[in-house]
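Data block below; observations after.
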Amino acid sequence: MSLYNRISIFRAEQGISRRQLADAVGVNNQTIGYLERGDYKPSLELALKIARHFGVAVEMLFSFDRFEPIAMTLKRAGEDE
Amino acid sequence: MKRPVIETLLSRLDNTLRWTGIPARVADEMSDAPSVDRKHRPLRWIPIWPIAFSCVLFILTLSWPSAMNNLIALVPSLGGVIVAMVPVIHMNGPLGKPSLEDDEREAALRKDSFLFCLGLLACLNCLGQPFLMILSHWQNWQTARGVSVAISALMLNASLLGCLPTLYASWTLGQLPKE
Numbered sequence: 125m126s127l128y129n130r131i132s133i134f135r136a137e138q139g140i141s142r143r144q145l146a147d148a149v150g151v152n153n154q155t156i157g158y159l160e161r162g163d164y165k166p167s168l169e170l171a172l173k174i175a176r177h178f179g180v181a182v183e184m185l186f187s188f189d190r191f192e193p194i195a196m197t198l199k200r201a202g203e204d205e
Numbered sequence: 131m132k133r134p135v136i137e138t139l140l141s142r143l144d145n146t147l148r149w150t151g152i153p154a155r156v157a158d159e160m161s162d163a164p165s166v167d168r169k170h171r172p173l174r175w176i177p178i179w180p181i182a183f184s185c186v187l188f189i190l191t192l193s194w195p196s197a198m199n200n201l202i203a204l205v206p207s208l209g210g211v212i213v214a215m216v217p218v219i220h221m222n223g224p225l226g227k228p229s230l231e232d233d234e235r236e237a238a239l240r241k242d243s244f245l246f247c248l249g250l251l252a253c254l255n256c257l258g259q260p261f262l263m264i265l266s267h268w269q270n271w272q273t274a275r276g277v278s279v280a281i282s283a284l285m286l287n288a289s290l291l292g293c294l295p296t297l298y299a300s301w302t303l304g305q306l307p308k309e
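Line order of the protein sequences matches chains A and B.
Under the numbering used here, the letters of the first sequence match residues 125 to 205, in that order.
Under the numbering used here, the letters of the second sequence match residues 131 to 309, in that order.
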């Protein structure tokens, strides 16, 4: 089963590099690259560490279903307002 | 003051290898504060060479013993190449230090690679040993022939054990784009 994630979006939003995130959660920076690309499924411990680093729930970062594109989310938010 | 002979000899041996850059890289990797970030570099083609050399040696020993008698000088040369290349290529790296600093992804990849390699080696040896025994009985091998085949089989096993995990891991991982 595929596991999708939004690590790169959160990382870009906070303006941190792969290396900084890797150092914060205690892995090699290549591991963050493979995670973002979906080539590696993290352990529960690593997923929780990354979620804690960004200050969000783990479901916000990882999902078994594809995440909605940001453009769609923004559009819907605009319509709601 | 006269230097001890052993120090001069070791220094000379070091100097003969220094041009390759490998001693400096090993010393840097083994230090407590390496100068460069630890990064696994995929080796997709280099590990194929020792395996190919070992296969050629094994096939030659097995199929053309008369040719091997004439090319006996080839054996130490190929053996030397294999022995020199395998520790450099081996996945655990020099003195096994990188394996101590693995994160969870690297540890899982290392485990998968060794599992694949050991599984393949077990299959090859389970099939190969009875085959060699039957062949030796059928062709009525002399002791010298048996020994040469055994040595080349040992070199093939050693090069597969040394290089196959690296080859597996290198082909499993794709190249990451630069940030």
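Glycine is no exception: its CB is placed at the ideal position from the N, C-alpha and C atoms.
Just so you know, these numbers come straight off a predicted model, no measurement behind them.
Run of the alpha helix (DSSP H) containing Ser278 (chain B), from where it starts to where it stops:
As a working mapping, residue 278 (chain B) is identified with position 148 in the second sequence. Counting along the chain, the alpha helix (DSSP H) containing Ser278 (chain B) begins and ends at Thr273 to Thr302.
Cα-Cα separation between Leu251 (chain B) and Gly162 (chain A), rounded to whole angstroms:
By 1-based counting over the second sequence, the position of residue 251 (chain B) is 121. By 1-based counting over the first sequence, the position of residue 162 (chain A) is 38. The straight-line gap from Cα to Cα measures roughly 31 Å.
May I ask you to report which of helix, strand or coil DSSP gives Phe186 (chain A)?
The residue labelled residue 186 (chain A) in the question sits at position 62 within the first sequence. Here Phe186 (chain A) sits in strand by DSSP.
List the whole-angstrom C-beta distance separating Pro180 (chain B) from Ser300 (chain B), where the pair is believed to meet the contact cut-off of C-beta under 8 Å.
Position 50 of the second sequence, counted from the start, is the residue given in the question as residue 180 (chain B). Position 170 of the second sequence, counted from the start, is the residue given in the question as residue 300 (chain B). Actually they do not touch by this definition, with Cβ atoms about 14 Å apart.
Give the interface partners of Leu198 (chain A) over in chain B, defined as CB-CB distance under 8 Å, in chain order.
By one-based count along the first sequence, residue 198 (chain A) stands at place 74. Correct list: empty, because the minimum Cβ distance to chain B is about 25 Å.
Against chain A: residues of the stretch 239 to 258 of chain B by CB proximity under 7 Å
Answer in chain order: no residues at all.
For Leu225 (chain B), would you say it is in contact with chain A, using Cβ-to-Cβ distances shorter than 8 Å as the test?
By 1-based counting over the second sequence, the position of residue 225 (chain B) is 95. With a pLDDT of only 49 at Leu225 (chain B), under the threshold of 50, the placement of this residue in the model should not be trusted, and no figure is reported.
On the three-pair Cβ rule with 8 Å, is the stretch 135 to 149 of chain A touching the stretch 181 to 198 of chain A?
Counting Cβ pairs under 8 Å, fewer than three are found: no touch.
Closer than 8 Å at the beta carbon, the chain B residues around Leu185 (chain A)
By one-based count along the first sequence, residue 185 (chain A) stands at place 61. Going along chain B, no residue has its Cβ under 8 Å from Leu185 (chain A), so there is no contact; the nearest lies around 17 Å.
Chain B beta carbons: is any one of them nearer than 8 Å to that of Asp189 (chain A)?
Here the question's residue 189 (chain A) lines up with position 65 in the first sequence. At a cut-off of 8 Å between beta carbons, Asp189 (chain A) makes no contact with chain B.
Which first and last residues belong to the alpha helix (DSSP H) in which Lys173 (chain A) is found?
Numbered from its first residue, the first sequence carries residue 173 (chain A) at position 49. First-last of the alpha helix (DSSP H) with Lys173 (chain A): Leu168 to Phe178.
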